[in-house]
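Letter 55 of the sequence shown, counting from 1, is numbered 1191 in this note's numbering, and no numbers are missing. Ideal Cβ placement from N, Cα and C applies to all residues, glycine included.
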Amino acid sequence: MATAFLSLFALVGFAYYGLPFFFDFMTKEFGWSRTVVTSGNALGKLLVGTLIVSFLPKTGKSKE
1137 MATAFLSLFA
1147 LVGFAYYGLP
1157 FFFDFMTKEF
1167 GWSRTVVTSG
1177 NALGKLLVGT
1187 LIVSFLPKTG
1197 KSKE
């Protein structure tokens, strides 16, 4: 359990706080603007979020 916690802790920390470290490298290497770099990250999270929501159980009041 501790290994899973530490792995998730490191992965989420890198995903949220590690991306700004690479902004300068990506803008110089690929010629992208900062808007394109952050939009790609946001779009990826949006796609993964909708995929995860589709697997969640549908709960709530029944319409009887």
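From which residue to which residue does the alpha helix (DSSP H) around residue i run?
i       : result
Leu1179 : Arg1170 to Phe1191
According to DSSP, simplified to helix, strand and coil, what is residue i?
i       : result
Met1137 : coil
Lys1194 : coil
Gly1149 : helix
Measure the beta-carbon distance from residue i to residue j and round it to whole angstroms, keeping in mind my assumption that it falls under 8 angstroms.
i       : j       : result
Thr1163 : Val1173 : 7 angstroms
Arg1170 : Phe1157 : Between Phe1157 and Arg1170 the Cβ distance is about 13 angstroms, and since that is not below 8 angstroms, they are no contact.
From residue i to residue j, what distance separates their C-alpha atoms?
i       : j       : result
Phe1150 : Pro1193 : 29 angstroms
Ser1175 : Phe1145 : 24 angstroms
Tyr1153 : Leu1187 : 23 angstroms
Phe1191 : Leu1179 : 19 angstroms
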